[in-house]
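Reading through the structure tokens given below for one structure.
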Amino acid sequence: MNNAELKEGFAKAFGDGGDIRGYFAPGRVNLIGEHIDYNGGHVFPCALNTGNYAVVRLRDDHKLRFFSANYSRLGILEGSLDELVKKNESWTNYVKGVIFAMREKGYTIDRGFDCYIYGNIPGSGLSSSAAMEVVIGTMIKDFFGLDVSPIDIALFGQRAENGFIGMNCGIMDQFASAMGKTGKAIFLDTATLEYEYVPLELEGCKIVVANSNKPHSLVSSHYNERRQECERALSDLQKVVDIKALCELTPERFEEVKSAISDPVCLARAKHAVYEEDRTKKAVAALRENDLVTFGRLLNESGDSLRYDYDATCPEIDALVEEARKQKGVYGSRETGGGWGGNTVSIVKEDCIADFRKSVSKAYTERTGLSCSIYELETGEGGRRIF
Ligand code: GLA
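Going by numbering that gives the first Met the number 0, the first residue of the sequence shown is number 0, and it counts up by one from there.
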């Protein structure tokens, strides 16, 4: 949808006139550094050129009115600033969660709004919820004239997830959505929020995203369970080493002290975190040197660790990764994002992409009965006002 279509959509839902503004925030894909943004590790995501659009007009009362072009059959959904309650599975929870998080920090949000949303992130698993939080945070900052930075907006989004939605996620998705840059990935230290932009120039190759189209239910319960397992491993380790987070350990140090972790499951989760941190730093160094063989190998190792040590994949994703790795011109392939479904990322030689698409799609359908969607990654800019 272009700006004119967005404005028209808003006018149809809520009527024309007044100060109507438009905003956008992107989804994200993570290249490497999985499940370590809550273990004090480094991650390496980039923002997509697809995301969520919000067209908004403030109201003179406390009502919140929502219309999603993607769920138009639901019509207008209503809420109130005076009653920020979570409704089962509703996308409006993300909007309310951001208001909750901003108010918690002492910001005054005292006028309701009419809000028209349109999202174009393909499939699930590319952080449409973070894109929703960031687009709403960006809108509230602008309309209410708040002195908050894009990083603050990312933190409000994370707080909305942790404190309102009940998903104990890290900061990666919201950070990528708020801070993304076209043509760049973000090398982010989640312990300090220091970051660097790294150009995504892969000589002769492209990053290919494949959506398994496997609906990933129960993600947040599995996810929260993984997070607890990491916390248990950390508290065992803290009896023998002075650390605040798992990713402070090098693999060598981890091998020396790992016997302090009593539960074998927690040990495997901690191993993933420690080695993933090491792989992520090495992968970024390899990419900077255009060493795609090493970069791809590290992606494969990350994927295997997610599968075997972190137990965060599913048969459909395993099939997609296995088929991708069999193809000519593939340097590496792995699951990306929260896990248990969603998407894979692969590094593929440009002249092999057409065959990759055909062969992977065919084999995936034969093995799983599902069809996947495969496309080249296109990066984009972080959250902003568009009109
Ligand atoms: C989800 C969470 C992120 C991150 C990833 C896994 O996307 O929202 O914070 O933990 O999973 O890397």
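Backbone N, C-alpha and C define an ideal beta-carbon position, used for all residues, glycine too.
(message) To the nearest angstrom, how far is the alpha carbon of S79 from that of R56?
(response) Working through the sequence shown from its first residue, we reach residue 79 at position 80. Working through the sequence shown from its first residue, we reach residue 56 at position 57. Their Cα atoms are separated by approximately 15 Å.
(message) By the DSSP assignment, the alpha helix (DSSP H) with K95 in it spans what residues?
(response) Translated into positions along the sequence shown, residue 95 becomes position 96. If you look at K95, you'll find it in the alpha helix (DSSP H) that goes T91 to E103.
(message) For the ligand GLA, is there any heavy atom lying closer than 7 Å to the beta carbon of G337?
(response) Mapped onto the sequence shown, residue 337 falls at position 338. G337 Cβ: within cutoff of the ligand GLA.
(message) If you measure between the beta carbons of Y180 and E380, is that distance less than 8 Å?
(response) Along the sequence shown, read from residue 1 onward, the residue named residue 180 stands at position 181. Along the sequence shown, read from residue 1 onward, the residue named residue 380 stands at position 381. Note on residue identity: the sequence assigns Lys, not Tyr, to residue 180. For the 8 Å CB-CB criterion, K180 and E380 form a contact.
(request) Give me whichever residues DSSP pairs with P44 in a beta bridge. (result) Taking the first residue of the sequence shown as position 1, residue 44 is located at position 45. In the DSSP output, where bridge partners are listed per residue, P44 has N29.
(request) Output the distance between the C-alpha atoms of F66 and Q237, rounded to the nearest integer angstrom. (result) Within the sequence shown, the letter at position 67 stands for residue 66. Within the sequence shown, the letter at position 238 stands for residue 237. Each residue's CA atom was taken as its position, placing F66 and Q237 some 49 Å apart.
(request) Inspect the beta-carbon positions of G162 and G340 and report whether they are closer than 8 Å. (result) Residue mapping note: residue 162 aligns to position 163 of the sequence shown, counting from 1. Residue mapping note: residue 340 aligns to position 341 of the sequence shown, counting from 1. Contact flag unset, no.
(message) My output table needs one value for E193: the three-state DSSP class, helix, strand or coil.
(response) The residue you call residue 193 lines up with position 194 of the sequence shown. Coil at E193, not helix or strand.
(message) At a threshold of 7 Å, does N342 count as lining the ligand GLA (C-beta to nearest heavy atom)?
(response) The residue you call residue 342 lines up with position 343 of the sequence shown. No, the beta carbon of N342 sits no closer than 7 Å to any heavy atom of the ligand GLA.
(request) Have a look at K270, G337, V264 and T312 and flag the residue whose alpha-carbon is nearest the alpha-carbon of S219. (result) As a working mapping, residue 219 is identified with position 220 in the sequence shown. Of the candidates K270, G337, V264 and T312, the one whose C-alpha sits nearest the C-alpha of S219 is G337.
(request) For E33, verify whether its CB is less than 7 Å away from any heavy atom of the ligand GLA. (result) If you number the sequence shown from 1, residue 33 lands on position 34. Short note on E33: C-beta closer than 7 Å to some heavy atom of the ligand GLA.
(request) Report the rounded CA-to-CA distance for E322 versus T137, giving the unit in angstroms. (result) Numbered from its first residue, the sequence shown carries residue 322 at position 323. Numbered from its first residue, the sequence shown carries residue 137 at position 138. Straight-line Cα distance between these residues: approximately 40 Å.
(message) Whole angstroms are fine: how far does the CA of D60 sit from the CA of V388?
(response) Coverage of the chain is limited to positions 0 through 386, which leaves residue 388 absent and any answer about it impossible.
(request) Spell out the partners DSSP gives T378 in its beta bridges. (result) For this step, residue 378 is matched to residue 379 along the sequence shown. Partner residues in the beta bridge of T378, as assigned by DSSP, are L47.
(request) Mind checking which residues open and close the alpha helix (DSSP H) that includes L391? (result) This structure does not reach residue 391, given that the chain is present from 0 up to 386, and the question cannot be answered.
(request) Under 7 Å Cβ to Cβ from I260, same chain only, skipping five residues before and after it: list those, please. (result) As a working note, residue 260 is residue 261 in the sequence shown. The beta carbon of I260 sits closer than 7 Å to those of A232, D235, L236, L266 and A269, all from its chain and outside the five residues before and after it, given in chain order.
(request) Please confirm if the segment 271-279 is in contact with the segment 22-40, defined as three or more CB-CB distances below 8 Å between the two stretches. (result) Output reads yes: the segment 22-40 touches the segment 271-279.
(message) Output needed for G74: all residues of its chain with C-beta closer than 8 Å, excluding positions within five of it in sequence on either side, in chain order.
(response) As a first step, residue 74 must be located in the sequence shown, where it is residue number 75. These residues qualify, in order along the chain: F66.
(request) Below 6 Å CB to CB, which residues in the same chain sit around L286 once its five sequence neighbours on both sides are set aside? (result) Locating residue 286 in the sequence shown gives position 287, counting from the first residue. Within the same chain, L286 has close Cβ partners F294.
(request) Enumerate in chain order the residues of its own chain whose CB-to-CB distance from E300 is below 7 Å, with the five nearest sequence positions on each side excluded. (result) By one-based count along the sequence shown, residue 300 stands at place 301. Contacts found: R278.
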